[in-house]
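Residue numbers (numbering that gives the first Met the number 0), protein chains in the order written: chain A, 0 to 163; chain B, 0 to 75. Glycine residues also receive a C-beta, built at the ideal position from the N, C-alpha and C atoms. Keep in mind the model is a prediction, meaning the values are calculated, not measured. In what follows, a structure is listed as structure tokens, so that the remarks can point back to it.
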Amino acid sequence: MKTILTVFTLACSTLLSSAAGSAKAGQAMPKLPQLLPGAGVPNTSGKVVLVDFWASWCGPCKASFPCLNRLHEKYASKGLVIIGVGVDDDAAKYKAFAGKMGAKFLIVHDSSHKAAEFFGPSTMPSSYLVDRKGVIHSVHTGFRGAKTEAEYVTEIEALLAAKP
Amino acid sequence: MKRPAIFVIIAIAYPLLSACSDSLVRVKPYERGNLARPVMAESLDPLLQAMTEHGYFSREASSGGGGVGGGGCGCN
Numbered sequence: 000m001k002t003i004l005t006v007f008t009l010a011c012s013t014l015l016s017s018a019a020g021s022a023k024a025g026q027a028m029p030k031l032p033q034l035l036p037g038a039g040v041p042n043t044s045g046k047v048v049l050v051d052f053w054a055s056w057c058g059p060c061k062a063s064f065p066c067l068n069r070l071h072e073k074y075a076s077k078g079l080v081i082i083g084v085g086v087d088d089d090a091a092k093y094k095a096f097a098g099k100m101g102a103k104f105l106i107v108h109d110s111s112h113k114a115a116e117f118f119g120p121s122t123m124p125s126s127y128l129v130d131r132k133g134v135i136h137s138v139h140t141g142f143r144g145a146k147t148e149a150e151y152v153t154e155i156e157a158l159l160a161a162k163p
Numbered sequence: 000m001k002r003p004a005i006f007v008i009i010a011i012a013y014p015l016l017s018a019c020s021d022s023l024v025r026v027k028p029y030e031r032g033n034l035a036r037p038v039m040a041e042s043l044d045p046l047l048q049a050m051t052e053h054g055y056f057s058r059e060a061s062s063g064g065g066g067v068g069g070g071g072c073g074c075n
């Protein structure tokens with residue numbers, strides 16, 4: 000019996016240690032200005048927020064920018080805030096990539112990786128859709144073109160339709 | 000040492016050590032900038048790699064070359 004209990008404890012602790020450090024659906028998102036100090040993140044209370052983690056060295060991240068621009072153009076006036084969080088170590092590469100991509104939404108540099116450590120993206124890009132109450136509604140990992148965009152549209156429209 | 004003591008030591012040490020392996024060994028997805036640099040690629044010369052692979056699968060065609068299929072004349 001003791002052996003079984005020990006094995007059970009070990010299994011639980013392994014699961015807990017491997018699952019630690021990544022944000023999940025249903026979890027409350029902390030205030031972004033605390034995670035990204037000095038980045039000029041606006042007050043997003045009562046708004047639907049899409050936090051997207053990207054890097055200049057990540058191919059799918061590059062492919063996701065036109066999609067995010069389209070979402071911004073379509074839904075920003077209805078209450079969607081898209082925040083692209085660049086995680087490059089090199090600030091020059093971050094700036095060069097951000098300038099080249101022509102993002103119409105807000106992009107910020109997570110130079111200290113404070114935000115990345117909280118969200119713990121499992122792959123690049125990863126995005127977190129947050130509802131009007133500040134709770135993470137869904138997590139998207141990777142970018143698969145039109146399929147991912149269709150998922151974004153469905154979820155964003157549902158969240159925007161919900162009352163604050 | 001009594002058996003229960005061993006179990007307690009293992010039960011405490013295992014999660015502690017596994018936590019160490021998480022923070023010390025694993026490069027997190029957002030820290031892979033250096034690994035993504037072209038200089039970190041397996042081969043720096045795509046043409047040389049393509050020619051080497053072509054030579055390999057031609058030479059080893061009778062046993063499937065670089066794939067899982069077997070047999071063939073090896074005449075390409």
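Quiz prompt | Same chain only: Cβ atoms within 6 Å of S42/B, ignoring 5 sequence neighbours per side | solution = Same-chain partners within the cutoff: Q48.
Quiz prompt | Where the region 101 to 127 of chain A meets chain B: residues whose CB sits under 7 Å from a CB there | solution = The region 101 to 127 of chain A vs chain B, Cβ under 7 Å: H112, A115, P120, S121, T122, M123.
Practice problem: Could you tell me the distance, in whole angstroms, from the CA atom of N68/A to the CA atom of G54/B? | Solution: Distance between the alpha carbons of N68/A and G54/B: 46 Å.
Quiz prompt | Uninterrupted beta strand (DSSP E) stretches inside the region 80 to 149 of chain A (no shorter than 3 residues) | solution = If one requires a minimum length of 3 residues, the beta strand (DSSP E) runs lying completely within the region 80 to 149 of chain A are 105 to 108, 125 to 129, 135 to 140, in chain order.
Exercise. Compare the C-beta of R36/B with all C-beta atoms of chain A and state if any pair is closer than 9 Å.
Key: Yes, contact with chain A.
Self-check item: Neighbourhood of A149/A by C-beta distance below 6 Å, restricted to the same chain and skipping five residues each side
Solution: There are no such residues.
Practice problem: Measuring only between beta-carbons, confirm whether S17/A sits less than 9 Å from chain B. | Solution: The predicted model places S17/A with a pLDDT of 46, which falls under 50 and marks its position as unreliable; any figure quoted below should be read in that light. By this cut-off, S17/A is an interface position.
Quiz item: Which residue comes first and which comes last in the beta strand (DSSP E) that contains L49/A?
Solution: 47 to 53 is the extent of the beta strand (DSSP E) around L49/A.
Quiz prompt | Presumed contact (8 Å Cβ cut-off) between C60/A and P120/A, rounded CB distance | solution = Cβ-Cβ separation between C60/A and P120/A: approximately 11 Å, too far for a contact (criterion under 8 Å).
Self-check item: Per-residue contacts from A54/A into chain B (C-beta, under 7 Å)
Solution: For A54/A, the C-beta contacts it makes with chain B under 7 Å involve Y29, G32, in order along the chain.
Exercise. Could you check if S126/A is buried or exposed, using at least 16 other CB atoms within 10 Å of its CB as the buried criterion?
Key: Counting Cβ neighbours within 10 Å, S126/A comes out buried, since at least 16 surround it.
Quiz prompt | Runs of beta strand (DSSP E) wholly within the region 3 to 38 of chain B (minimum 3 residues, chain order) | solution = Here no run is fully enclosed.
Practice problem: Output the boundary residues of the alpha helix (DSSP H) element that contains Q48/B. | Solution: Here the alpha helix (DSSP H) through Q48/B covers 45 to 58.
Quiz prompt | Residue-level contact to chain B via CB, V86/A, 9 Å cutoff | solution = At least one C-beta of chain B is nearer than 9 Å to the C-beta of V86/A.
Practice problem: Going by CA-CA distance only, name the one from D89/A, S137/A, S76/A that's closest to V50/A. | Solution: Relative to the Cα of V50/A, the nearest Cα in the group D89/A, S137/A, S76/A belongs to S137/A.
Practice problem: For my contact list, I82/A and V47/A are in at a C-beta cut-off of 8 Å; report their separation, rounded to the angstrom. | Solution: V47/A and I82/A do not touch by the CB rule: their CB atoms are close to 12 Å apart, not below 8 Å.
Practice problem: Examine the Cβ distances between the region 137 to 147 of chain A and the region 57 to 68 of chain B and report whether three or more of them are shorter than 8 Å. | Solution: The way I'd put it, the region 137 to 147 of chain A doesn't touch the region 57 to 68 of chain B; fewer than three beta-carbon pairs between them come closer than 8 Å.
Quiz item: Do the region 106 to 114 of chain A and the region 27 to 39 of chain A meet, that is, are 3 or more Cβ pairs less than 8 Å apart?
Solution: Judged by Cβ distances under 8 Å, the region 106 to 114 of chain A makes contact with the region 27 to 39 of chain A, as three or more pairs qualify.
Quiz item: DSSP three-state call for A27/A: helix, strand or coil?
Solution: For A27/A, the secondary structure class from DSSP, reduced to helix, strand or coil, is strand.
Quiz item: So what does DSSP say about P59/A, is it helix, strand or coil?
Solution: DSSP places P59/A within a helical segment (H, G or I) once states are collapsed to three.
Exercise. Please say whether G85/A and S55/A have beta carbons closer to each other than 9 Å?
Key: Yes. Within cutoff.
Self-check item: Beta-carbon gap between Y151/A and L128/A smaller than 9 Å
Solution: In this structure, Y151/A lies near L128/A, with their beta-carbon atoms less than 9 Å apart.
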